[in-house]
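Asker: Note that this note's numbering has the sequence shown beginning at 2, numbered continuously upward.
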Amino acid sequence: MRNRIILGILVVVLVLSGFAFAQEEVQLLEEAKTLLAEGNLEEAQVTLEAVRLSLWNKLPMRVEKVTFVEEEPQSFGFFRKRSSNLFAAGERILLYGEPKNYTILHEDNLYHVFFVADAKLYDSEGNLLASQEEFLSARYVTQSPVFEVFLNLSFGLTGLEAGDYVLEVLLRDKFSEKSAQFRMPFKVR
């Protein structure tokens, strides 16, 4: 009986916290709806962008479209996917990815983004072969929120014998506790 009461209280707390979590966005959406009905399209767009930023900062960080690429990508969304995960010994490994929901800090009319990346290399049995913390540091200070950031990661993994490996990358948001991890299996021939 006691466990049911505790479970019931926990459910109520979670429901109410989820309700409070979304109130700001619901109010902004209602405001945007009113602005649209009044024909104020530009003001509605500004309000909807505020909703996007609010949700972006609340959602868990993740990385989309992680893929091996043939050459260094030049900009967001423009990459040439590699046809396989098979690499020659000594060949440079290039990765593309699109981080999402990193913290965008709004301060003094500027927007700040700051995350770092750690890398680990494992063999086929899961043994850690190498690691490097903060091999990437991405910091942006802009006049507008930046939602389209891409990863252009390059790894020179010389000295690897033929076999199966896993490259693990962990992105860590420096303005929050958010992080996102991905693992990319590959082969060296």
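All residues carry an ideal CB built from backbone N, CA and C; glycine is no exception. Computed from a prediction, not measured in an experiment: that's the story for all the values here.
#1: Starting from the Cα of Pro100, find the closest Cα among Ala139, Arg81, Arg83 and give me that residue.
#2: Assign Arg173 to one of two classes, buried (16 or more other C-beta atoms within 10 Å of its C-beta) or exposed (fewer than that).
#3: Measure how close the beta-carbons of Val167 and Leu154 come, nearest whole angstrom, since I'm counting them as under 8 Å.
#4: Do you know how far the Cα of Glu39 is from the Cα of Glu135?
#5: Taking the alpha-carbon positions, what's the Leu36 to Asn102 distance?
#6: Can you round the beta-carbon distance between Ala33 and Ala45 to whole angstroms, since I take them to be within the 8 Å contact cut?
#7: Would you check if there are 3 or more beta carbon pairs closer than 8 Å linking the stretch 69-84 to the stretch 46-60?
#8: In this structure, how does DSSP classify Thr35 when only helix, strand and coil are distinguished?
#9: Classify Asn110 as helix, strand or coil using the three-state DSSP reduction.
#10: Ends of the beta strand (DSSP E) at Lys66?
#11: For the alpha helix (DSSP H) containing Thr48, name the first residue and the last one.
#12: Around the Cβ of Phe79, are there at least 16 other Cβ atoms within 10 angstroms (buried) or fewer (exposed)?
#13: Considering only residues of the stretch 82-145, which uninterrupted beta strand (DSSP E) runs meet the minimum length of 3 residues and lie entirely inside it, listed in chain order?
#14: Helix, strand or coil: which one does DSSP assign to Val27?
#15: Does DSSP put Phe183 in a helix, in a strand, or in coil?
#16: Return the bridge partner residues of Ser177 from the DSSP annotation.
#17: Under a Cβ-count criterion, where at least 16 other Cβ atoms within 10 Å of its own Cβ denotes burial, should Val114 be classed as buried or exposed?
#18: Determine the DSSP secondary structure at Gly157, reduced to helix, strand or coil.
#19: Between the C-alpha atoms of Tyr97 and Arg83, what's the straight-line distance to the nearest angstrom?
Answerer: Taking the structure as given:
#1: Ala139
#2: By the C-beta density criterion, Arg173 is buried, having at least 16 other C-beta atoms within 10 angstroms.
#3: About 15 Å; that fails the 8 Å criterion.
#4: 49 Å
#5: 27 Å
#6: 5 Å
#7: no
#8: helix
#9: coil
#10: 63-69
#11: 42-59
#12: exposed
#13: With a minimum length of 3 residues, the continuous beta strand (DSSP E) runs that stay inside the stretch 82-145 are 94-101, 106-108, 111-124, 129-143.
#14: Val27 falls in the helix class under three-state DSSP.
#15: Here DSSP, grouped into helix, strand and coil, assigns Phe183 to strand.
#16: Ser177 pairs with nothing; no bridge assigned.
#17: buried
#18: coil
#19: 10 Å
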